[in-house]
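Trainee: Quick one: structure below, then a few questions.
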Amino acid sequence: MDQRAQEIVAECKRQEDSCLYTSTALFEWVKEVRIWRTAFIILPVIAGSIASAKILLKEPDFDWFTAIAAMLAGLFPAIFKALDLDVSLKTISDSANRFKVLQDRFRQTSRIGATRMTDELEEEFKTLMDRLDDARSAGPALPERHFKSAQKKIKSGDYSFD
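According to this note's numbering, the sequence shown is numbered sequentially starting from 35.
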């Protein structure tokens with residue numbers, strides 16, 4: 035294998051690692067957003083149920099409690115919509131999947147593609163880099179806490195094929 039092909043293979047391995055960390059961080063973010071999404075769906079139902087208990091409980095002591103529950107039941111859907119959690123979940127999931135696919139493709143190119151002629155290898159690498167550029171431009175900005183979580187997860191061996 036000539037020097038140029040070796041450099042392309044080395045860069046493919048580096049991009050594979052980059053995609054691994056990015057996809058793992060995005061999947062960690064997806065887990066958090068799912069929890070928040072579930073909370074924003076369930077809590078208004080519970081708050082609405084508590085507010086409707088006023089019908090059954092004629093105690094004046096519960097007036098403030100039921101009023102606050104009714105207010106929360108009305109606010110949660112607005113907050114959910116303002117945070118755009120449904121769209122964010124889909125966007126983050128799609129982005130995580132794109133990076134995971136790119137990780138696999140870079141790995142395959144570094145191992146299988148390295149047996150091809152240098153020109154073919156370089157063409158495949160350029161195509162993958164274009165896809166990576168698209169994934170990066172379409173992906174959401176990743177919170178630092180999720181990247182650190184991904185680092186711990188990867189270093190602990192969760193993504194090792196051993």
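Just so it is clear, CB atoms sit at the ideal spot from N, CA and C, and this is done for glycine as well. Bear in mind the structure is a predicted one, so any value in this text is a computation, not a measurement.
Return the CA-CA distance between A172 and A101, expressed in angstroms with no decimal places.
Mentor: Looking up residue 172 in the sequence shown gives position 138. Looking up residue 101 in the sequence shown gives position 67. In a straight line, the C-alpha of A172 is about 43 Å away from that of A101.
Trainee: Using 8 Å as the Cβ pair cut-off and three pairs as the minimum, do the region 87-104 and the region 45-61 touch?
Mentor: Too few Cβ pairs lie closer than 8 Å, so no.
Trainee: Would you call the CB atoms of A227 and T152 closer than 7 Å?
Mentor: Residue 227 falls outside the range modelled here, since the chain spans only 35 to 196, and no answer is possible.
Trainee: In its own chain, which residues sit with a C-beta less than 8 Å from the C-beta of R71, not counting the 5 before and 5 after it?
Mentor: Numbered from its first residue, the sequence shown carries residue 71 at position 37. Counting only Cβ-Cβ distances below 8 Å, and skipping sequence neighbours, we find F114, L119, D120 and L123.
Trainee: Is K182 near the ligand SAH, in the sense that its beta carbon is under 6 Å from a heavy atom of that ligand?
Mentor: This structure simply doesn't include the ligand SAH, nor any ligand for that matter.
Trainee: Sort A104, P111 and Q137 by Cα distance to G82 and report the nearest one.
Mentor: Within the sequence shown, residue 82 is the residue found at index 48, counting from 1. Here the closest residue by C-alpha is A104.
Trainee: Could you please give the first and the last residue of the uninterrupted alpha helix (DSSP H) stretch that includes K65?
Mentor: As a first step, residue 65 is located in the sequence shown; it is residue number 31 there, counting from the start. Where K65 is concerned, the enclosing alpha helix (DSSP H) stretches over Q37 to S86.
Trainee: Would you kindly work out how many angstroms separate the C-alpha atoms of A169 and R132, rounded to a whole number?
Mentor: Within the sequence shown, numbered from 1, the residue matching residue 169 stands at position 135. Within the sequence shown, numbered from 1, the residue matching residue 132 stands at position 98. Looking at the two C-alpha atoms, the distance is approximately 7 Å.
Trainee: Using the three-state DSSP reduction, which class does R132 fall into: helix, strand or coil?
Mentor: As a working mapping, residue 132 is identified with position 98 in the sequence shown. Correct three-state label for R132: helix.
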